[in-house]
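Enquirer: Dropping a structure here in structure tokens format, bear with me for questions.
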Amino acid sequence: MGMPITIEVADPQVAESDIASIFDYFASVDRMFSPYKKESEISRLNAGELTKKQLSADVRQILQLADDTKKESNGYFNIAHKGKIDPLGIVKGWAIYNAATLLKEHGFHNFFIDAGGDIQVSGKSEKGDRWKIGIRNPFNREEIVKAVLLENKGIATSGLYIRGNHIYNPHKPDESITGIASMTVIGPTVYDADRFATAAFAMGERGIHFIEKLPGYDGYMIDEKGIATMTSKFERFVIKE
Amino acid sequence: MKKVILSGLVIIGFGAYAIFHHNSETIVFSSKNNTSSSQNSATGSNSAYKDGTYTGSAADAFYGTIQVKAVIQNGKIADVQFLQYPNDQPESQQVSQQAMPILKQEAITAQKAQVDTVSGATQTSQAFKESLAAALAQAR
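If you read the protein sequences in the order shown, they are chains V and R.
Counting from 151, one number per residue, gives the positions in the first sequence under our numbering.
Counting from 12, one number per residue, gives the positions in the second sequence under our numbering.
Okay, structure coming up:
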């Protein structure tokens, strides 16, 4: 998927070979879903070389999950655009969540997996603390504007992509998303945080209210002027400076 | 005979009164036969419109869209229909029933906290990749 992946395991018994199998899993996801690889199932589906029935179980599952998310977000989560399918806004979180399950099956319970800024945390860090996650300044990649302490949660941030708006408002597909620079969502898993961050970003300034009304989710939205709006319980995670 | 005519007049009168004062919040309907004293509270003036049916653009009412169709007869608004309404979507129905909560806001500031990792949007640049590929193709 062309994005950096960081895995940190705090459990003392971890070996490099354990982590290697997780990277192998991400590579297999990339082979199935990458729109940049002509041989991926998604590319072949978009090129008309494969029908939906010919897809592997994983890809079919993603299409079903995307459809469910579309309904849960009143259509604002939509992986179809101009006749092509681009499931990145749900595959990332789903893959990280599956990778976390794999790590747990290997017997590791204290770790985080970060793929492209979407993160699943489990257990505690080496010092026995909750994992500390920063929220990037959408206007300056070198800075963080918030630091949160998370335990057994997922966090995902949706924002504007340089190559043009990757996320679109399905109610106004030709209009670019304006008004917000990033939407960060904290949820029970990174899979949920990812898909709802994607949907909420597409809603523009209303997105934070969508997250506010979703039980079990918190959000931090930054608009184009650098003003952040947070859900009512978000501050319980924040590390105060 | 007289009684029938009298009650008929009263009914017609009442009907015209009812239409004239019908409360549709912003628009007051004008009766077809009464062109002299109809009001147009939407624009606050009595300027004439061209007869016909006009559909307004869909306006964002936060949790749904509102679109109205106005029917002009004899230069005045004769009917207004709602084509879409916020209650069309179940999500917006919830919102109409409760006031939007006021959520806390702040200006973002750089934090010095040391963190384990950072959540941010990936900034892949397809344009950059394409441009680079084109440049490299020339370099061959």
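Ideal Cβ placement from N, Cα and C applies to all residues, glycine included.
Predicted, not measured: the structure shown is a model, and the values here were computed from it.
Determine, using beta carbons only, whether residue 119 (chain V) comes closer than 9 Å to chain R.
Expert: This structure leaves residue 119 (chain V) out entirely; chain V is present only between 151 and 391.
Enquirer: By how many angstroms is the C-alpha of residue 84 (chain R) removed from the C-alpha of residue 351 (chain V)?
Expert: Taking the first residue of the first sequence as 1, we reach residue 351 (chain V) at position 201. Taking the first residue of the second sequence as 1, we reach residue 84 (chain R) at position 73. Those two C-alpha atoms are separated by around 44 Å.
Enquirer: Check whether the stretch 338 to 356 of chain V touches the stretch 239 to 250 of chain V, counting contact only when three or more Cβ pairs, one atom from each stretch, lie closer than 8 Å.
Expert: Segments in contact, yes.
Enquirer: Below 8 Å on the Cβ atoms is my guess for residue 362 (chain V) versus residue 381 (chain V); work out the distance and round it to an integer in Å.
Expert: Within the first sequence, the letter at position 212 stands for residue 362 (chain V). Within the first sequence, the letter at position 231 stands for residue 381 (chain V). Contact flag correct, Cβ pair sits at about 5 Å.
Enquirer: Rounded to the nearest angstrom, what separates residue 259 (chain V) and residue 367 (chain V) at their Cα positions?
Expert: Locating residue 259 (chain V) in the first sequence gives position 109, where the first residue counts as 1. Locating residue 367 (chain V) in the first sequence gives position 217, where the first residue counts as 1. So the two alpha carbons sit approximately 23 Å from each other.
Enquirer: By DSSP's criteria, residue 115 (chain R) is part of a beta bridge. Which residues make up the other side?
Expert: Counting from one through the second sequence, the residue named residue 115 (chain R) turns up at place 104. Partner(s): none; residue 115 (chain R) has no beta bridge.
Enquirer: For residue 153 (chain V), collect the residues of the same chain with a Cβ closer than 7 Å to its Cβ; drop the 5 residues on either side in sequence, then sort them by chain order.
Expert: Counting from one through the first sequence, the residue named residue 153 (chain V) turns up at place 3. 265, 266, listed in sequence order.
Enquirer: Taking the CB atoms as reference points, tell me whether residue 332 (chain V) and residue 308 (chain V) lie closer together than 9 Å.
Expert: Within the first sequence, numbered from 1, the residue matching residue 332 (chain V) stands at position 182. Within the first sequence, numbered from 1, the residue matching residue 308 (chain V) stands at position 158. It is a contact, given that the beta carbons lie within the stated cut-off.
Enquirer: If we ignore side chains and look at the alpha-carbon of each, how far apart do residue 187 (chain V) and residue 290 (chain V) end up?
Expert: Taking the first residue of the first sequence as 1, we reach residue 187 (chain V) at position 37. Taking the first residue of the first sequence as 1, we reach residue 290 (chain V) at position 140. If I take the Cα positions, the gap works out to 30 Å.
Enquirer: For the alpha helix (DSSP H) that contains residue 219 (chain V), what are its first and last residues?
Expert: One-based indexing of the first sequence puts residue 219 (chain V) at position 69. Unbroken alpha helix (DSSP H) run through residue 219 (chain V): 207 to 222.
Enquirer: To the nearest angstrom, how far is it from the Cα of residue 301 (chain V) to the Cα of residue 336 (chain V)?
Expert: Your numbering for residue 301 (chain V) matches position 151 in the first sequence. Your numbering for residue 336 (chain V) matches position 186 in the first sequence. Approximately 11 Å, taken between the alpha carbons.
Enquirer: Is the beta carbon of residue 306 (chain V) less than 9 Å from the beta carbon of residue 222 (chain V)?
Expert: Mapped onto the first sequence, residue 306 (chain V) falls at position 156. Mapped onto the first sequence, residue 222 (chain V) falls at position 72. No, they are not a contact pair.
Enquirer: Spatial neighbours of residue 18 (chain R) within its chain, please: CB distance less than 8 Å, with the 5 preceding and 5 following residues excluded, ordered by chain position.
Expert: Here residue 18 (chain R) is taken as the residue at index 7 of the second sequence, counted from 1. For residue 18 (chain R), the pLDDT reaches just 46, beneath the cut-off of 50, and the residue's location in the model is therefore unreliable, although a value from the coordinates is still provided. No residues qualify anywhere along the chain.
Enquirer: Applying a beta-carbon distance threshold of less than 9 Å, which residues of chain R neighbour residue 380 (chain V)?
Expert: Within the first sequence, the letter at position 230 stands for residue 380 (chain V). Within chain R, the residues near residue 380 (chain V) are 114, 115, 116, 117.
Enquirer: Could you check how far apart the C-beta atoms of residue 243 (chain V) and residue 345 (chain V) are, in whole angstroms? I think they sit under 8 Å.
Expert: As a working note, residue 243 (chain V) is residue 93 in the first sequence. As a working note, residue 345 (chain V) is residue 195 in the first sequence. Between residue 345 (chain V) and residue 243 (chain V) the Cβ distance is about 6 Å, and since that is below 8 Å, they are a contact.
Enquirer: For a cutoff of 9 Å on Cβ pairs, would you count residue 297 (chain V) as touching chain R?
Expert: Position 147 of the first sequence, counted from the start, is the residue given in the question as residue 297 (chain V). So, interface residue.
Enquirer: Can you check which of these residues, V:296, V:164, V:205, is closest to residue 369 (chain V) by C-alpha distance?
Expert: Along the first sequence, read from residue 1 onward, the residue named residue 369 (chain V) stands at position 219. Of V:296, V:164, V:205, the residue nearest in Cα terms is V:296.
Enquirer: 9 Å is my cut-off, CB to CB: does residue 62 (chain R) come that close to chain B?
Expert: The question asks about chain B, but that chain is absent: this structure's protein chains are V and R.
Enquirer: Under 9 Å between C-beta atoms, does residue 283 (chain V) make it to chain R?
Expert: Residue mapping note: residue 283 (chain V) aligns to position 133 of the first sequence, counting from 1. Taking Cβ atoms only, chain R reaches closer than 9 Å to residue 283 (chain V), which makes this a yes.
Enquirer: Which of the three DSSP states is assigned to residue 204 (chain V) in this structure?
Expert: Here residue 204 (chain V) refers to the residue found at position 54 when the first sequence is read from its first residue. Helix at residue 204 (chain V).
Enquirer: Taking residue 280 (chain V) as the reference, which of V:160, V:189, V:165 has the closest Cα?
Expert: Residue 280 (chain V) sits at position 130 when you count from the first residue of the first sequence. When only C-alpha atoms are compared, the closest one is V:160.
Enquirer: Let me know the secondary structure DSSP gives residue 97 (chain R) once reduced to three states.
Expert: Your numbering for residue 97 (chain R) matches position 86 in the second sequence. The predicted position of residue 97 (chain R) is uncertain, since its pLDDT is 49 and thus under 50; no value can be drawn from it.
Enquirer: Helix, strand or coil for residue 311 (chain V)? Go by DSSP, reduced to three states.
Expert: Looking up residue 311 (chain V) in the first sequence gives position 161. Low confidence applies here, because residue 311 (chain V) scores a pLDDT of 49, under 50, leaving its location unreliable; read the following figure in that light. If DSSP states are grouped into helix, strand and coil, residue 311 (chain V) belongs with coil.
Enquirer: At the level of alpha carbons, what is the spacing between residue 183 (chain V) and residue 262 (chain V)?
Expert: Residue mapping note: residue 183 (chain V) aligns to position 33 of the first sequence, counting from 1. Residue mapping note: residue 262 (chain V) aligns to position 112 of the first sequence, counting from 1. Approximately 23 Å between the Cα atoms of the pair.
Enquirer: Identify the residues that DSSP records as bridge partners of residue 286 (chain V): which are they?
Expert: For this step, residue 286 (chain V) is matched to residue 136 along the first sequence. According to DSSP, which records beta bridges pairwise, residue 286 (chain V) is partnered with V:294.
Enquirer: Mind pulling the chain R residues with CB within less than 7 Å of residue 264 (chain V)?
Expert: For the purposes of this step, residue 264 (chain V) is taken as the residue at position 114 of the first sequence. Going along chain R in sequence order, the residues near residue 264 (chain V) (Cβ under 7 Å) are 128.
Enquirer: With 9 Å as the threshold, decide whether the Cβ of residue 87 (chain R) is near any Cβ in chain V.
Expert: Here residue 87 (chain R) refers to the residue found at position 76 when the second sequence is read from its first residue. No, residue 87 (chain R) lies away from the interface with chain V (no Cβ there is under 9 Å from its Cβ).
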